[in-house]
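Structure first, then comments.
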Amino acid sequence: MAGASDPVTTTLPQQPIHDCLFPHASRCESTFKKVTNPHEFTTGDAEVTFLGHSGQPIEDLLKYTKGKSPIELMEDTLKWRHVAPTAPDTLPCFPFTEFDPFILDKAQPHVYFCGNQNDFVSKLTKIDTPNGPVETRIVLVPKFSETGLVVLVDINSPTLECSTLSFDA
Numbered sequence: 074m075a076g077a078s079d080p081v082t083t084t085l086p087q088q089p090i091h092d093c094l095f096p097h098a099s100r101c102e103s104t105f106k107k108v109t110n111p112h113e114f115t116t117g118d119a120e121v122t123f124l125g126h127s128g129q130p131i132e133d134l135l136k137y138t139k140g141k142s143p144i145e146l147m148e149d150t151l152k153w154r155h156v157a158p159t160a161p162d163t164l165p166c167f168p169f170t171e172f173d174p175f176i177l178d179k180a181q182p183h184v185y186f187c188g189n190q191n192d193f194v195s196k197l198t199k200i201d202t203p204n205g206p207v208e209t210r211i212v213l214v215p216k217f218s219e220t221g222l223v224v225l226v227d228i229n230s231p232t233l234e235c236s237t238l239s240f241d242a
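Per my numbering, the very first residue in the sequence shown carries number 74; after that it's consecutive.
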């Protein structure tokens, strides 16, 4: 997934990083996926749905919100049912005229993640939706280049527990 400092367009949704930057990735075609930002996918036998972005919507909200942490803002965007509530006003996005792709009009994701954060934080939250309350695991994924941490989600755990794996030298 591309982020704010990657060689792709800055407007959301960002397109996948170009193939020429991963010349040997074709050998890993079944496991290496280039995806848009934000991105939604389903995995596992239990069909766990993940939805996330590289952090730009939360960084933009932090500019205009006092006293809220990134995890609280992630929870707010779930309640508001909008992944990028400041787009297009202060967060650049493609000018959609027929629909807003950032509205959460489908089922609530099981895991909602935000990349490029300063720290790893995880929280299980219950959000009221049009179909009743739904539990979602919110995950702040730290910047790998600064922390060397990868976040793992146990999709077989009933509460989708998270842990980190460190690649520090």
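Virtual Cβ for every residue (Gly too), placed ideally from N, Cα, C. Keep in mind the model is a prediction, meaning the values are calculated, not measured.
Three or more C-beta pairs under 8 Å: does that hold for the region 136 to 144 against the region 200 to 210? The region 136 to 144 makes no contact with the region 200 to 210; the number of CB pairs closer than 8 Å stays below 3.
When you compare the CB positions of ALA157 and PRO182, do they come within less than 8 Å of one another, or not? Indexing the sequence shown from 1 puts residue 157 at position 84. Indexing the sequence shown from 1 puts residue 182 at position 109. Here ALA157 is not near PRO182, since their CB atoms are 8 Å or more apart.
8 Å contact criterion, which VAL226 and LEU233 should meet: CB distance rounded: As a working note, residue 226 is residue 153 in the sequence shown. As a working note, residue 233 is residue 160 in the sequence shown. Right, their Cβ atoms sit about 6 Å apart.
Looking only at its own chain, which residues have a Cβ that is under 7 Å from the Cβ of LYS107, when we skip the five neighbours before and after it? To locate residue 107, count along the sequence shown from 1; it is residue 34. Result list for LYS107: PRO89, ILE90, in chain order.
So what does DSSP say about PHE95, is it helix, strand or coil? As a position in the sequence shown, residue 95 is number 22, starting the count at 1. Correct three-state label for PHE95: coil.
With H, G and I counted as helix, E and B as strand and the rest as coil, what does DSSP make of THR150? As a first step, residue 150 must be located in the sequence shown, where it is residue number 77. In this structure, THR150 counts as helix in the three-state DSSP scheme.
Can you give me the Cβ contacts of PHE167 inside the same chain, cut-off strictly under 8 Å, excluding the 5 residues immediately before and after it? Position 94 of the sequence shown, counting from 1, holds the residue named residue 167. Counting only Cβ-Cβ distances below 8 Å, and skipping sequence neighbours, we find THR84, LEU85, PRO86.
Using 8 Å for Cβ pairs, my map puts ILE228 next to ALA77. What's the rounded Cβ distance? If you number the sequence shown from 1, residue 228 lands on position 155. If you number the sequence shown from 1, residue 77 lands on position 4. At roughly 28 Å, the Cβ-Cβ gap does not stay under 8 Å, so ILE228 and ALA77 are not in contact.
Identity of the residue in ILE211, GLY221, LEU134, GLU113 nearest LEU177 by Cα: For the purposes of this step, residue 177 is identified with residue 104 of the sequence shown, where counting begins at 1. The candidate whose alpha carbon is nearest that of LEU177 is GLU113.
Since I believe SER239 is in contact with LEU213 (beta carbons under 8 Å), could you give me their beta-carbon distance rounded to a whole number of angstroms? In the sequence shown, the residue the question calls residue 213 occupies position 140. In the sequence shown, the residue the question calls residue 239 occupies position 166. 16 Å between Cβ atoms; not a contact.
What are the uninterrupted segments assigned as beta strand (DSSP E) that are 3 or more residues long and contained completely in the region 164 to 226, given in chain order? As far as the region 164 to 226 is concerned, its whole beta strand (DSSP E) runs of at least 3 residues are 184 to 190, 194 to 202, 205 to 215, 222 to 226.
Which residue from PRO80, LEU164, PHE175, PRO111 puts its Cα closest to that of LEU135? Counted from its first residue, the sequence shown places residue 135 at position 62. With distances taken between CA atoms, LEU135 lies nearest to LEU164 out of PRO80, LEU164, PHE175, PRO111.
Applying the criterion that 16 or more other CB atoms from any shown protein chain within 10 Å of the CB defines a buried residue, is LEU151 buried or exposed? Taking the first residue of the sequence shown as position 1, residue 151 is located at position 78. It is buried - the Cβ of LEU151 has at least 16 other Cβ atoms within 10 Å.
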